[in-house]
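Have a look at the structure below before the remarks.
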Amino acid sequence: SDRQTRSEGERKKGVSDQHTPEQPQRDIGELLQQIMVITEDSLDEAQARKHALNCHKLKPALFSILCEIKDKTALSIRGVAEEEPPDPQELRLDNMLLAEGVAGPQKSRAATAAALAAATGGSSSDESSEHADYREKLAQIRMIYHTELDKYEQACNEFTGHVMNLLREQSRTRPISPKEIECMVSIIHRKFSAIQGQLKQSTCEAVMILRSRFLDARRKRRNFSKQATEILNEYFYSHLANPYPSEETKEELAKKCSITAAQVSNWFGNKRIRYKKNIAKFQEEANMYAMKTAMDATSLTSQASSPATPNSGGYSASCYTPGGMM
DNA sequence: TTCCATGATTATGA
DNA sequence: TCATAATCATGGAA
Numbered sequence: 001s002d003r004q005t006r007s008e009g010e011r012k013k014g015v016s017d018q019h020t021p022e023q024p025q026r027d028i029g030e031l032l033q034q035i036m037v038i039t040e041d042s043l044d045e046a047q048a049r050k051h052a053l054n055c056h057k058l059k060p061a062l063f064s065i066l067c068e069i070k071d072k073t074a075l076s077i078r079g080v081a082e083e084e085p086p087d088p089q090e091l092r093l094d095n096m097l098l099a100e101g102v103a104g105p106q107k108s109r110a111a112t113a114a115a116l117a118a119a120t121g122g123s124s125s126d127e128s129s130e131h132a133d134y135r136e137k138l139a140q141i142r143m144i145y146h147t148e149l150d151k152y153e154q155a156c157n158e159f160t161g162h163v164m165n166l167l168r169e170q171s172r173t174r175p176i177s178p179k180e181i182e183c184m185v186s187i188i189h190r191k192f193s194a195i196q197g198q199l200k201q202s203t204c205e206a207v208m209i210l211r212s213r214f215l216d217a218r219r220k221r222r223n224f225s226k227q228a229t230e231i232l233n234e235y236f237y238s239h240l241a242n243p244y245p246s247e248e249t250k251e252e253l254a255k256k257c258s259i260t261a262a263q264v265s266n267w268f269g270n271k272r273i274r275y276k277k278n279i280a281k282f283q284e285e286a287n288m289y290a291m292k293t294a295m296d297a298t299s300l301t302s303q304a305s306s307p308a309t310p311n312s313g314g315y316s317a318s319c320y321t322p323g324g325m326m
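Residue 223 in the UniProt record's numbering sits at position 223 of the first sequence, with consecutive numbering throughout.
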């Protein structure tokens with residue numbers, strides 16, 4: 001009611017002083033002053049004042065002036081909604097988050113384990129506990145990522161809503177086209193997606209750190225079983241002339257030893273170089289396996305008069321003379 | 001704790 | 001791409 005009387009008074013004053021040349025300027029000044037202090041008012045007061053402003057007789061004039069100013073200063077939309085091509089860096093982050101199972105649908109335990117096994121080349125049996133640890137940490141990262149993402153999304157929607165309301169409201173007192181509102185919305189979305197980009201970046205970093213820690217853990221060496229070493233040594237010393245098992249043989253040996261083919265390759269690589277470096281040291285071992293294989297062969301021939309295994313090309317420890325070491 | 005054995009990784013070359 | 005050589009890092013016996 002106070003405001004009503006005030007605005008009525010103002011109206012009366014405006015009518016009575018209509019002929020004074022300075023009056024319109026003073027009125028506009030007051031009007032602007034009122035706009036400036038609007039934020040200091042309570043919501044109700046602001047609503048009432050807004051109403052008063054909307055009903056003010058000078059409002060249409062002010063509106064057209066603002067339109068004119070806008071036209072003259074060419075404050076129209078600059079570069080609106082020019083669809084930027086997707087940032088390759090962001091695409092990479094997205095792909096990585098998807099591959100790691102952080103973004104997108106939740107990966108099953110088996111899928112995560114399989115992905116890890118593929119990455120490490122290790123068997124899954126004795127690493128299941130480490131996998132569980134990895135999965136747990138990954139799930140934590142996933143949870144934080146989604147919580148933060150939701151938070152940003154919500155904040156973005158809220159903020160966009162506020163701005164749209166504000167602009168719609170303001171469009172009654174100053175010229176704002178719907179396109180401009182749209183433009184503002186897209187600016188806000190861009191800003192928020194930049195923040196989300198940072199979130200993706202830091203999530204990727206967290207995953208990389210987790211992964212590298214896990215991969216480091218695989219350096220925790222476990223000696224092969226005695227039986228496995230025996231099988232590998234048997235093959236090595238019975239093929240000293242050419243201790244290079246084919247891929248097929250590696251697979252076969254890997255199966256027998258319950259290790260991977262890559263581990264078989266490692267083993268043979270290490271064995272060849274170490275044997276070559278110090279043949280004398282391995283002589284005893286070589287003799288032992290030669291004897292063992294010979295005994296196996298004789299027992300086989302006496303049993304079924306069949307030759308040795310297809311793989312055994314005869315054991316001649318003296319035949320392997322790599323690099324002219326002997 | 002030290003030292004050697006051993007599985008894994010990396011750099012290099014053919 | 002594979003083999004070699006050097007090296008790393010850990011296991012385990014002494």
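Here a beta-carbon is modelled for each residue, glycine too, at the ideal position from N, C-alpha and C.
**OP:** Any chance you could list the alpha helix (DSSP H) runs of at least 4 consecutive residues sitting entirely within the region 213 to 298, in chain order?
**Re:** 226 to 238, 247 to 257, 261 to 277
Under the three-state DSSP convention, the category Ile65 falls into:
helix
### Query
In terms of alpha-carbon separation, which member of Ile188, Lys256, Ser193 lies closest to Leu91?
Ser193
- Between which two residues does the alpha helix (DSSP H) carrying Glu100 extend? Counting along the chain, Glu100 falls outside any alpha helix (DSSP H), and DSSP gives it neither H nor E.
Using alpha carbons as the reference points, say which of Ile259, Ser202, Ile195 lies closest to Ser225.
-> Ile259
ask   = Mapping DSSP to helix, strand and coil, what is Asp44?
value = helix
**Message:** Can you give me the C-alpha to C-alpha distance between Lys70 and Ile144, rounded to a whole angstrom?
**Reply:** 46 Å
Classify Arg174 as helix, strand or coil using the three-state DSSP reduction.
coil
Below 7 Å CB to CB, which residues in the same chain sit around Phe159 once its five sequence neighbours on both sides are set aside?
Ile188
message: If I measure Cβ to Cβ from Ile195 and keep anything under 7 Å in the same chain, skipping five residues before and after, which residues do I get?
response: Tyr152
**Study point:** Given 8 Å, three or more beta-carbon pairs between the region 26 to 37 and the region 55 to 67
**Key:** yes
Worksheet item: Beta-carbon separation of Ile231 and Lys271 under 8 Å?
Response: no
inquiry  = So the candidates are Glu100, Asp87, Asp44; which of them puts its Cα closest to the Cα of Glu205?
reply    = Glu100
_Taking the straight line between their C-alpha atoms, what separation do you get for Val102 and Ala155?_
22 Å
Length of the line joining the Cα atoms of Arg172 and Asn54: 8 Å
Original post:
Taking buried to mean at least 16 other C-beta atoms within 10 Å of its own C-beta, is Thr293 buried or exposed?
Top reply: buried
- prompt: From Asp94, Met295, Ile176, Leu97, pick the residue whose C-alpha is nearest to that of Cys67; which is it?
  reply: Ile176
| said: Rounding to the nearest angstrom, what Cα-Cα distance links Tyr235 and Leu138 in this structure? | reply: 42 Å
Below 7 Å CB to CB, which residues in the same chain sit around Leu253 once its five sequence neighbours on both sides are set aside?
Ile231, Leu232, Tyr235, Pro245, Val264
Note to self: Closest to Asp94 by C-alpha separation, out of Gln23, Val163, Arg168, Gln198, would be which residue?
What the structure shows: Gln198
- Distance, Cα to Cα, Thr147 vs Asp87? 24 Å
### Task
Report the three-state DSSP secondary structure of Asp87 (helix, strand or coil).
coil
Among the candidates Met208, Asn157, Gln201, whose CA atom is the shortest distance from the CA of Val185? Asn157
Output needed for Arg142: all residues of its chain with C-beta closer than 6 Å, excluding positions within five of it in sequence on either side, in chain order. Val102
Applying the criterion that 16 or more other CB atoms from any shown protein chain within 10 Å of the CB defines a buried residue, is Leu97 buried or exposed? buried
- prompt: So what's Leu58 in DSSP terms, helix, strand or just coil?
  reply: coil
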